[in-house]
Amino acid sequence: MAADFILSELVSAGTKEKAEHLRRFFKTGKGQYGEGDCFLGVTVPMTRAVAKANLQTPFDELQKLLDSKWHEARLCALLILVERSKRKKLCNDEEQEKIFQFYLKNMRRCNNWDLVDLSCPQLVGNHLLNKGDRSMLYKLAESDNLWEQRIAIVSTIAFIRKGSFEDTLHLAKLLMNHSHDLIHKAIGWMLREVGKQDKSILTCFLETYAPRLPRTTLRYAIEKYPEQERSYFLHKKE
1 MAADFILSEL VSAGTKEKAE HLRRFFKTGK GQYGEGDCFL GVTVPMTRAV AKANLQTPFD
61 ELQKLLDSKW HEARLCALLI LVERSKRKKL CNDEEQEKIF QFYLKNMRRC NNWDLVDLSC
121 PQLVGNHLLN KGDRSMLYKL AESDNLWEQR IAIVSTIAFI RKGSFEDTLH LAKLLMNHSH
181 DLIHKAIGWM LREVGKQDKS ILTCFLETYA PRLPRTTLRY AIEKYPEQER SYFLHKKE
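Here the sequence shown is numbered in my numbering, starting from 1 and rising by one per residue.
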């Protein structure tokens, strides 16, 4: 009954005022990307605290949370997986693989940008960091599902932090013509992270692709550049 207990903890921590704010913030109206999502009104720090107190929750109970209509229940399940995967005493190589496969099975339950961004860097990116085969990221990029596509690009932040940029740049090129603003922002964010590690690589990429990037992507990517350089690349877009 771990899922029921965790949900009761989240319900008790939520407020109607916060829930209403979150419904607006995460675009849950008709036709919006989070249409129909339901919120208890729990803050992320509180959800994280509940997750850390329940790290050994079995997979079948985590599945119940991931299947919940409540956004915070899904987030809590994901944060349990993230925190568990970071702790070597709880998570050997076999358990890491189980977590990875469980996450892949449930990617479409990560159906808002915060659920993606708080889970995939650890559960996908770090898992694949030392793997030779990263082809699944390219399959996700070609998916018809917005959240799987966002997982593909955001997961590469784990590679960027280790000085590996190739997959980020390839995926940025694959996704640059995407129609959704959430992908434009994700690409720009990852490109900006590349620039933090090696500005010359980002600059070289932008010299070629700035005219083709969505304006939102370009603005995110060059956010840390001096004004003169930002103007230069924005002018290439015109």
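The beta carbon of each residue, even a glycine, is placed where N, CA and C say it ideally should be.
How about the stretch 107 to 122 and the stretch 30 to 42: do they share at least three Cβ pairs that are nearer than 8 Å? yes
- Query: Who are the Cβ neighbours of E193 in its own chain at under 7 Å, not counting the five residues just before and after it?
  - Reply: I157, I160
Assess contact between the stretch 204 to 222 and the stretch 176 to 187, defined as three or more Cβ pairs (one per stretch) separated by less than 8 Å. Is contact present? yes
Give the list of continuous alpha helix (DSSP H) stretches no shorter than 4 residues that lie fully inside the stretch 25 to 81.
44 to 52, 59 to 66
Could you say which of M176, G125, K162 lies nearest to A152 if we only look at CA atoms? G125
Worksheet entry | Where the alpha helix (DSSP H) containing G163 begins and where it ends | Unbroken run through G163: none, as it is neither H nor E.
Taking buried to mean at least 16 other C-beta atoms within 10 Å of its own C-beta, is Y138 buried or exposed? exposed
With a 10 Å radius around its C-beta and 16 neighbouring C-beta atoms as the bar for buried, classify Q149 as buried or exposed. buried
Count the other CB atoms within 10 Å of the CB of Q32; is the residue buried (16 or more) or exposed (fewer)? exposed
Review point. C272: buried (16+ other C-beta within 10 angstroms of its C-beta) or exposed?
Key: For the chain, the structure presents residues 1 to 238; residue 272 sits outside this window and is missing.
Could you tell me the alpha carbon to alpha carbon distance between L129 and F165, rounded to whole angstroms?
12 Å
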